[in-house]
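Letter 94 of the sequence shown, counting from 1, is numbered 94 in full-length UniProt numbering, and no numbers are missing. One structure is given here, and the rest of the page talks about it.
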Amino acid sequence: MEGKALGQGSIAGKGAPRNTASLIQYAQSHFDAAHFQGLMAIYGRPLADRAVALTHDRGRRVVDFVRCSYLGLDNHPQIVAGAVEAMKEYGTLHWSCARTRLNFSILGDLEAALSELFDARVITYTTVLAANMGALPLIASGHLTGGVKPLMVFDRLAHATLAFHKGTIAAETRVETIAHNDLEALEMLCRTNGSVAFVCDGVYSMGGSADLARLRRLQERYGLFLYIDDAHGVSIFGKHGEGFARSQMSGPLGERTIVAASLGKGFGASGGLIMLGTARQEELFRRFAVAHAFSASLNVAAIGAARASQQLHLTEELTELQQRLRSRTALFDSLVPTEQQGSPLPIRTVEIGDEMTAIGAARALLDRGFYTSAIFFPTVPRGRAGLRLCPTAGHSEDDIRGLGIAIQDVLKEISAR
């Protein structure tokens with residue numbers, strides 16, 4: 001694993017080789033503790049709104065702040081009905097066939113509808129990971145950058161499903177990593193290299209976002225190629241839920257921007273997608289992207305759910321849910337101070353520091369009826385463990401207030417030790 005985040009203005013190359021053995025050695029005890037405390041790999045059944053019944057704890061009801069269904073759509077009756085109706089219509093769940101051979105006609109309908117919704121050429125995948133796995137080697141090959149293999153530059157905090165592919169990409173072209181949102185370093189690389197592709201998140205999973213306005217200026221000035229994973233930004237921004245990134249880009253995407261997004265999370269269904277700007281890009285992806293050429297599509301239930309969500313994204317209900325999300329997040333901010341306070345993004349992190357203390361805090365919250373994520377290395381840097389929280393439009397004001405008061409109590413208990 002890479003070491004600590006780089007300092008402002010610094011540039012790193014490929015860095016040290018992956019050291020999975022060292023990662024496991026350091027983090028094993030923390031994972032053991034989190035599992036022992038009943039915080040990881042638990043099972044349950046969904047209840048109304050954001051509540052879950054814990055199977056291992058005699059069905060005890062807890063309010064969940066872990067799921068990234070920011071608009072509360074993952075149990076929306078219309079989306080559930082879409083999955084069921086598609087299953088009934090097609091009488092099968094899955095075709096075990098590469099997409100270059102045979103596809104469900106309903107999948108073609110979904111991709112056409114999503115292309116219209118997002119004003120792009122959309123290809124769907126079973127996961128965002130699969131979308132990234134297919135996209136990044138194609139970009140590195142130079143086929144999307146005028147035949148010139150680009151220098152592939154990663155933001156230091158790019159999601160693990162992006163960073164994991166650095167080794168594969170390095171077999172195609174040179175790979176660099178820069179400090180988080182260090183656009184001065186990125187511009188220096190643009191000045192000294194004929195072709196550069198930048199890989200980043202739109203909304204980062206631990207909070208914060210890319211500076212899209214500055215990235216677009218670098219694109220205009222240097223021809224920078226942008227690959228933006230906006231899994232956490234889709235649906236919660238834009239008139240039709242285009243996402244954090246796409247909603248800031250008027251007109252066609254063009255030849256130098258690709259946006260990946262989730263059909264889960266804010267969208268409330270299942271799967272992933274990429275938004276492309278040209279017919280040539282779409283042709284290359286459908287023929288040569290690994291997860292498209294050598295794997296199967298979304299299953300019928302997921303397609304039906306996504307189709308129903310796409311239709312919901314054209315209604316006023318989407319705007320109402322977006323506004324409710326902002327209201328719930330603002331309420332949380334009034335109760336619990338975090339580094340993300342006041343941000344329109346829905347992810348909040350409470351830094352505690354010590355890993356075992358953070359795990360104990362998450363357990364104390366679970367005892368009070370609130371399930372939250374204890375975060376520690378490698379999810380966050382060593383010594384910066386804490387809690388990750390996802391207020392959503394599906395939470396009631398009482399849910400938010402209850403969590404806020406519980407966090408206040410737990411933090412007071414920690415500080416009193």
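In this text, a Cβ means the ideal position worked out from N, Cα and C, and glycines have one as well.
In this structure, Gly386 and Val350 form a Cβ contact; the two beta carbons are roughly 5 Å apart against a cut-off of 8 Å. Shown here, Val66 sits in coil according to DSSP, grouped into three states, outside any helix or strand.
Assignment of Pro346 by DSSP, reduced to helix, strand and coil, places it in the coil class.
It is roughly 13 Å from the alpha-carbon of Ile375 to the alpha-carbon of Phe65.
By the CB criterion at 8 Å, Phe244 and Asp230 fall inside the cutoff. Look at Val336 here: in three-state DSSP terms it is coil, with no helix or strand label.
By DSSP's assignment, Val148 forms no beta bridge with any residue. The alpha helix (DSSP H) runs lying completely inside the stretch 274-323 and spanning 4 residues or more are 279-288, 290-293 and 300-312, given in chain order. If you look at Arg45, you'll find it in the beta strand (DSSP E) that goes Gly44 to Pro46. Around the Cβ of Pro252, a 10 Å sphere holds fewer than 16 other Cβ atoms; the residue is exposed. In this structure, Gly207 places its C-beta atom within 8 Å of the C-beta atom of Gln340. In the three-state scheme derived from DSSP, where H, G and I count as helix and E and B as strand, Glu255 is classed as coil. A Cβ-Cβ contact shorter than 8 Å links Thr161 with Val128. When rounded, the separation of the alpha-carbon atoms in Arg286 and Glu316 is 34 Å. Annotation for Phe31: the continuous alpha helix (DSSP H) segment containing it runs Thr20 to Phe36. Taken through DSSP and simplified to helix, strand or coil, Asp182 comes out as coil. Put simply, of Leu189, Ala364, Phe36 and Ala179 the residue whose alpha carbon is nearest the alpha carbon of Tyr222 is Leu189. By the CB criterion at 8 Å, Val148 and Gly194 fall inside the cutoff. Membership of Gly134 in the alpha helix (DSSP H) is indicated by the continuous run Val128 to Ala140. DSSP places Thr124 inside the beta strand (DSSP E), whose first and last residues are Arg121 to Tyr125.
Note that the C-beta distance between Gly353 and Gly383 is below 8 Å. Here the stretch 256-272 lies against the stretch 67-75, with 3 or more beta-carbon pairs under 8 Å apart. Non-local beta-carbon contacts of Glu187 in its own chain, meaning distances under 7 Å to residues more than five positions away in sequence, involve Leu218 in chain order. Only residues of its own chain outside the window of five on either side were considered, and among them Gly202, Val203, Phe244 and Leu345 have a CB closer than 7 Å to the CB of Ser209, listed in chain order. Under the criterion of beta carbons closer than 8 Å, Ala53 and Arg60 qualify as touching, at roughly 7 Å.
Note that the C-beta distance between Leu331 and Glu397 is below 8 Å. For a cut-off of 8 Å, the C-beta gap from Val410 to Leu365 is around 6 Å, short enough to register as a contact. Pairing Ala260 with Ile274 gives a Cβ-Cβ distance under 8 Å.
The three-state reading of DSSP puts Gly386 in strand, counting E and B together. Exclusion of the five residues before and after His165 leaves Asn132, Met133, Leu136 and Pro137 as the residues of its chain whose Cβ lies within less than 8 Å of its Cβ. Of the residues Ser343, Ile139, Ser247 and Ala179, the one whose Cα lies closest to the Cα of Leu226 is Ile139.
If you draw a straight line from the Cα of Ile169 to the Cα of Ala98, it is about 23 Å long.
Taking all protein chains shown into account, Leu102 has fewer than 16 neighbouring C-beta atoms within 10 Å of its C-beta and is therefore exposed.
Closest by C-alpha distance to Ile414, out of Tyr371, Ser334 and Ala362, is Ala362. Bounds of any beta strand (DSSP E) do not take in Val84; it lies within the alpha helix (DSSP H) bounded by Pro77 to Tyr90.
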